[in-house]
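So that you can map any letter, position 72 of the sequence shown is 72 in full-length UniProt numbering, and since no number is skipped, the others follow by simple counting.
Glycine is no exception: its CB is placed at the ideal position from the N, C-alpha and C atoms.
These figures come from a predicted structure and were not determined experimentally.
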Amino acid sequence: WGIGIYFAKNASYSCGSYAYTLPNGKKQVFLAQVLTGDVHDCKSDTSLRRPPKKNEKVSNLRYNSVSGDTGGSKVYIVYENRVIYPTYLITFIP
Numbered sequence: 001w002g003i004g005i006y007f008a009k010n011a012s013y014s015c016g017s018y019a020y021t022l023p024n025g026k027k028q029v030f031l032a033q034v035l036t037g038d039v040h041d042c043k044s045d046t047s048l049r050r051p052p053k054k055n056e057k058v059s060n061l062r063y064n065s066v067s068g069d070t071g072g073s074k075v076y077i078v079y080e081n082r083v084i085y086p087t088y089l090i091t092f093i094p
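Take a look at the structure:
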């Protein structure tokens, strides 16, 4: 899904490989509220730098975000950090 900011619906997906590891071995992840807007569900496309156009022949309107399935979780990708609100920093023992 290209260069964007990724969020997983299932925390177990993020907590495995993407959590920050503290020196004491505990891990941290953010729980965030994300405005996904009009979502385009698609297969992974590493060339994306922003959401695709809704209808290339009619207008220049674009989707607000994209989504797809990977590693047993639905993921949402946004391309602007202004639609993200980090709500909690969660620290846990793996």
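Item to check | Whole-angstrom distance between Lys9 and Pro52, CA atom to CA atom | outcome: 22 Å
Checklist entry - For Ala19, which residues of its own chain have a beta-carbon under 7 Å away from its beta-carbon, when the five flanking residues on both sides are left out? => result Lys27, Gln28, Val29
Checklist entry - For the putative contact between Ser67 and Asp38, defined by C-beta atoms under 8 Å, what is the C-beta separation to the nearest angstrom? => result The Cβ separation is near 11 Å, so there is no contact.
Next on the checklist: Whole angstroms are fine: how far does the CA of Asn55 sit from the CA of Leu22?
Outcome noted: 45 Å
Next on the checklist: I'd like to confirm the pairing. Which residues does DSSP put opposite Tyr76 in its beta bridges?
Outcome noted: Phe7, Ser67
Next on the checklist: Classify Ala58: buried if its beta carbon has 16 or more other beta carbons within 10 angstroms, exposed otherwise.
Outcome noted: Per the sequence shown, residue 58 should be read as Val rather than Ala. It is exposed - the Cβ of Val58 has fewer than 16 other Cβ atoms within 10 Å.
Checklist entry - From the DSSP output, which residues share a beta bridge with Pro52? => result Beta-bridge pairing links Pro52 to no other residue.
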